[in-house]
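Student:
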Amino acid sequence: MIFVSEEDRKRTALAKGAARAFAGMVGWTPVPCTSIMPSVLADFEYADCANIVLAHWQKKLRLTGLIKAVAECRTDLLLVEPSQVSGKQASSYITLLLCRDGEVQIITGLGMWLQEPGGPIHLVTNPNGGDEMQAFMVDRSGIRPLPTLPWSNAEAERLGFWIAKRHWELAIGGHYA
7 MIFVSEEDRK RTALAKGAAR AFAGMVGWTP VPCTSIMPSV LADFEYADCA NIVLAHWQKK
67 LRLTGLIKAV AECRTDLLLV EPSQVSGKQA SSYITLLLCR DGEVQIITGL GMWLQEPGGP
127 IHLVTNPNGG DEMQAFMVDR SGIRPLPTLP WSNAEAERLG FWIAKRHWEL AIGGHYA
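Residue 26 in my numbering sits at position 20 of the sequence shown; the count goes up by one each step and never skips.
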């Protein structure tokens, strides 16, 4: 049996709100996953226009179950995971499970990058991760890998991560000074 604490419930609620805010930012209108989908996806939402499941962190969540469901449904999955909760907000991280040609690719530690509010949304792997960075374009029709990173210099990189973080916080319902 898995014990779910009050902090676990708070993290789940924050992650669910962040996933919905992300969907709104890219123009997705998610609906609850249908009963024909694997049961592991039952608590999540599906955006048909992008063929993607919007998932959020839950203590009982198992990555192996998500991978199997993504492969079975031949859909993508965007998983929002909050960091430890402090106050009303938590930083959020994104993991993608992309089903391409029957294979499921897992990309972890993604952050959002925006050149400007309302502009194209990009997901980029952690620049401090040590591996070669990957970038993805996210829009109403789904998620596509980019051949290059979306910024031209270090200042644009830092500014784009900052803009994206603030824009997402506002979309979630937070505020910043």
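Don't be surprised by glycine CBs; every beta carbon is placed ideally from N, CA and C. Treat the numbers as computed from the prediction; the structure is a model and nothing was measured.
Using C-beta distances below 7 Å, list every residue in its chain close to K22, excluding the 5 sequence neighbours before and after it, in chain order.
Tutor: H62
Student: Quick one: Cα of L69 to Cα of Q121, how far?
Tutor: One C-alpha to the other measures close to 32 Å.
Student: Pick helix, strand or coil for F28, following the three-state DSSP scheme.
Tutor: helix
Student: Give a yes or no on whether the C-beta atoms belonging to V110 and W119 are separated by under 7 Å.
Tutor: No, Cβ-Cβ distance for V110 and W119 is not below 7 Å.
Student: Here's the rule I'm using: 16 or more other beta-carbon atoms within 10 Å means buried, otherwise exposed. How should E13 be labelled?
Tutor: exposed
Student: On the three-state DSSP scale, how would you describe T70?
Tutor: Correct three-state label for T70: helix.
Student: Between Q140, I100, G166 and I169, which has its C-alpha nearest T154's C-alpha?
Tutor: The candidate whose alpha carbon is nearest that of T154 is Q140.
Student: Near S98, what residues of its chain come up, given a Cβ to Cβ distance below 6 Å and the 5 sequence neighbours on each side ignored?
Tutor: A24, V86 and P88
Student: Rounded to the nearest angstrom, how far is the Cβ of T35 from that of A53, given a contact under 8 Å?
Tutor: 7 Å
Student: Compute the Euclidean distance between the alpha carbons of I169 and P151, then round it to the nearest angstrom.
Tutor: 21 Å
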